[in-house]
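Heads up: the sequence shown begins at 2 in this note's numbering, then just goes up one per residue.
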Amino acid sequence: MPSKDRVSLVKTPLPGPQSKRLIQKESELMARGAYGSPDDRMFMAVKASGSIVEDVDGNRFIDFGSGWGTNNVGNCHPEVVEAVSAMLRQLGVTCWTSAGNTAQRLDLAEKLLTVCPERTDRVLFLTTGTEAVEAALRVMRRASNRPFVISFYGQYHGLSYGCMAAGPLEASVREDVAPLVNGFVYAPYPYSYRTPLRSRTGGGAGKATLEYIEDIILTYEVPPSKIAGILVEPVVGEAGIWVPPDDFLPGLRDLCDKHDWYLCIDEVQSGFGRCGKMWAFEHWNVEPDLIVIGKGLSGGSMPIAAVAGRHDIFDKAEAFVAGTYAGHPAGCAAGLKTIEIIQRDRLLEHATTLGDYGLKRLQAMKSAARVYG
Numbered sequence: 002m003p004s005k006d007r008v009s010l011v012k013t014p015l016p017g018p019q020s021k022r023l024i025q026k027e028s029e030l031m032a033r034g035a036y037g038s039p040d041d042r043m044f045m046a047v048k049a050s051g052s053i054v055e056d057v058d059g060n061r062f063i064d065f066g067s068g069w070g071t072n073n074v075g076n077c078h079p080e081v082v083e084a085v086s087a088m089l090r091q092l093g094v095t096c097w098t099s100a101g102n103t104a105q106r107l108d109l110a111e112k113l114l115t116v117c118p119e120r121t122d123r124v125l126f127l128t129t130g131t132e133a134v135e136a137a138l139r140v141m142r143r144a145s146n147r148p149f150v151i152s153f154y155g156q157y158h159g160l161s162y163g164c165m166a167a168g169p170l171e172a173s174v175r176e177d178v179a180p181l182v183n184g185f186v187y188a189p190y191p192y193s194y195r196t197p198l199r200s201r202t203g204g205g206a207g208k209a210t211l212e213y214i215e216d217i218i219l220t221y222e223v224p225p226s227k228i229a230g231i232l233v234e235p236v237v238g239e240a241g242i243w244v245p246p247d248d249f250l251p252g253l254r255d256l257c258d259k260h261d262w263y264l265c266i267d268e269v270q271s272g273f274g275r276c277g278k279m280w281a282f283e284h285w286n287v288e289p290d291l292i293v294i295g296k297g298l299s300g301g302s303m304p305i306a307a308v309a310g311r312h313d314i315f316d317k318a319e320a321f322v323a324g325t326y327a328g329h330p331a332g333c334a335a336g337l338k339t340i341e342i343i344q345r346d347r348l349l350e351h352a353t354t355l356g357d358y359g360l361k362r363l364q365a366m367k368s369a370a371r372v373y374g
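Shown next, in the form of structure tokens:
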């Protein structure tokens with residue numbers, strides 16, 4: 002995209018005339034509900050580059066949504082596009098469950114493990130973040146031979162039946178899927194502005210949630226011996242970007258160590274540099290047993306996801322979890338190139354710089370606001 006096109010520019014009332022035409026077409030062709038209502042559309046995108054999305058009327062917008070958390074190296078990064086294109090000319094879907102595998106999966110697995118915690122030494126590839134969460138839940142339960150998983154109100158892990166039970170984002174999202182898949186127990190996520198809990202020892206929201214797990218869940222709902230592990234977002238995304246108190250993730254790690262549970266951290270949205278480190282959990286010096294990876298893994302190009310963890314967990318589980326397009330060679334090529342770009346172009350440092358600047362500006366606004374949070 003030429004430099005003159007790398008700025009936002011709105012040339013028509015929104016939605017523009019061509020977007021209106023396509024919005025009407027959408028209402029006649031596509032199932033309602035899946036991607037929101039056509040009545041709410043402001044534009045119909047036709048191309049994108051870097052941080053700019055352009056619609057069919059020539060309006061350009063800054064992509065603050067980052068493709069719903071996928072475009073961590075920008076829209077249509079030319080090196081990622083070329084890597085995908087070259088691999089599509091070389092290799093497509095290859096049967097791998099028995100007779101063969103692909104070198105590309107091994108290449109990405111090897112590279113991915115270099116940016117994971119030291120004890121993380123195995124990778125399982127899937128197609129979407131939702132699939133990866135489902136796989137992680139299955140691995141935890143099979144490896145531990147225990148049926149229950151602790152999750153938290155406000156989390157989002159996907160829209161499959163299992164993931165909607167695992168992530169109780171809000172009741173309205175799940176009203177049509179009752180009865181939910183069982184095997185989950187919930188605690189309030191420690192959202193400091195609106196936590197419903199109070200610590201019995203005088204601690205903050207994080208301590209209150211940790212105490213709730215021990216005082217309520219383990220006392221009245223499920224004994225520790227029946228819990229496989231904890232599924233947690235290091236920063237809650239869809240409910241409103243809830244950054245947990247500093248004692249929360251370390252406290253979950255301690256609980257897991259105490260009760261022989263697995264700590265599974267869902268980094269689908271927060272990972273790959275979005276929080277200034279490769280993984281958000283690094284901010285709290287916590288090492289999970291399983292990491293769920295998606296979205297940004299391919300730089301927004303191809304659907305690919307993964308679960309990374311220790312070999313002893315996967316060996317115990319020996320779970321048959323696969324998919325036709327899981328670990329597609331073009332997705333693996335995109336993943337390799339995305340990791341290379343993040344490291345070479347120092348995007349973690351860049352994200353930290355932008356985050357610090359944004360926080361500084363928000364703090365200035367906060368001092369002038371009567372209500373915040």
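Ideal Cβ positions, reconstructed from N, Cα and C, are used throughout, including at glycine.
Measuring alpha carbon to alpha carbon, tell me which residue in the options is nearest residue i.
i: Val236; options: Tyr221, Trp262 and His284; result: His284
i: Leu360; options: Glu132, Cys276 and Gly207; result: Cys276
i: Leu291; options: Ala307, Gly300 and Gly301; result: Ala307
i: Asn73; options: Asp316, Thr131 and Ser299; result: Ser299
i: Arg42; options: Lys21, Gly34, Met31 and Ala35; result: Lys21
i: Trp280; options: Ile340, Met31, Lys317 and Ala334; result: Ile340
i: Arg143; options: Ala320, Gly51 and Leu109; result: Ala320
i: Gly70; options: Ala365, Pro304 and Lys208; result: Pro304
i: Leu10; options: Ile24, Met45, Ile63 and Ala49; result: Ile63
i: Tyr435; options: Lys317, Ala240 and Lys278; result: Missing from the structure shown is residue 435; the chain here goes from 2 to 374 and no further.
i: Asn183; options: Phe149, Leu219, Phe126 and Gly274; result: Phe149
i: Ile228; options: His260, Thr131, Ala369 and Glu29; result: His260
i: Ser50; options: Asp216, Gly34 and Gly68; result: Gly68
i: Arg106; options: Asp357, Gln19 and Gly328; result: Gly328
i: Gly274; options: Phe65, Gly37, Gly356 and Leu181; result: Gly356
i: His158; options: Glu268, Gln364 and Pro180; result: Glu268
i: Lys48; options: Glu215, Ala172 and Gly75; result: Gly75
i: Gly1; options: Val244, Ala46 and Ser173; result: In the structure as shown, the chain starts at 2 and stops at 374, and residue 1 therefore has no counterpart that could be examined.
i: Leu138; options: Glu29, Val293, Ile217 and Thr353; result: Val293
i: Ala46; options: Thr196, Ile24, Pro225 and Arg120; result: Ile24
i: Ile242; options: Asp122, Ile53 and Gly66; result: Gly66
i: Ile342; options: Thr354, Gly297 and Gln364; result: Gly297
i: Arg147; options: Ala32, Val223 and Pro79; result: Val223
Under 8 Å between the Cβ atoms of residue i and residue j?
i: Ala136; j: Val287; result: no
i: Pro39; j: Glu27; result: yes
i: Pro118; j: Ser193; result: no
i: Gly324; j: Leu160; result: no
i: Thr131; j: Cys77; result: no
i: Asp248; j: Lys208; result: yes
i: Phe185; j: Ala167; result: yes
i: Pro14; j: Phe44; result: no
i: Val81; j: Ser302; result: yes
i: Val140; j: Tyr162; result: no
i: Ser145; j: Gly230; result: yes
i: Lys367; j: Tyr358; result: no
How close, in whole Å, do the beta carbons of residue i and residue j come, if the pair is a contact with beta carbons under 8 Å?
i: Pro289; j: Ile266; result: 4 Å
i: Thr129; j: Gly295; result: 6 Å
i: Leu337; j: Lys112; result: 6 Å
i: Thr103; j: Leu92; result: 7 Å
i: Val233; j: Leu253; result: 6 Å
i: Leu170; j: Ala240; result: 6 Å
i: Cys333; j: Asp108; result: 7 Å
i: Ala84; j: Ala335; result: 6 Å
i: Ala331; j: Met88; result: 4 Å
i: Leu198; j: Tyr213; result: 6 Å
Is the shortest distance between the beta-carbon of residue i and the beta-carbons of chain D less than 8 Å?
i: Ala318; result: The question asks about chain D, but that chain is absent: this structure has only one protein chain.
Counting pairs of Cβ atoms below 8 Å between the segment 304 to 312 and the segment 58 to 70, do you hit three or more? Touching, no, given that fewer than three Cβ pairs across the two stretches are closer than 8 Å.
Counting Cβ pairs, one atom from each stretch, are 3 or more of them under 8 Å apart for the segment 153 to 160 and the segment 183 to 200? A contact exists between the segment 153 to 160 and the segment 183 to 200.
4 or more residues per run - each alpha helix (DSSP H) lying fully within the segment 158 to 203: Here the runs fully enclosed are 162 to 167.
Restricting to runs no shorter than 4 residues, where is the alpha helix (DSSP H) found entirely within the segment 236 to 308? Within the segment 236 to 308, the alpha helix (DSSP H) runs of at least 4 residues that lie entirely inside it are, in chain order, 249 to 260.
Runs of alpha helix (DSSP H) lying entirely within the segment 102 to 151, each at least 4 residues, in chain order: Counting whole runs of 4 or more residues, the segment 102 to 151 contains the alpha helix (DSSP H) stretches 104 to 114 and 130 to 145.
Minimum length 4: unbroken alpha helix (DSSP H) runs contained in the segment 344 to 372: Scanning the segment 344 to 372 for uninterrupted alpha helix (DSSP H) segments of 4 residues or longer gives 348 to 369, listed from N- to C-terminal end.
Considering only residues of the segment 4 to 50, which uninterrupted beta strand (DSSP E) runs meet the minimum length of 3 residues and lie entirely inside it, listed in chain order? Counting only runs of 3 or more, we get 46 to 50.
List in chain order: all unbroken beta strand (DSSP E) runs of 3+ residues lying wholly within the segment 46 to 75. Secondary structure in the segment 46 to 75: the beta strand (DSSP E) runs of 3 residues or longer, each lying completely within the stretch, are 46 to 50, 53 to 56 and 61 to 63 in chain order.
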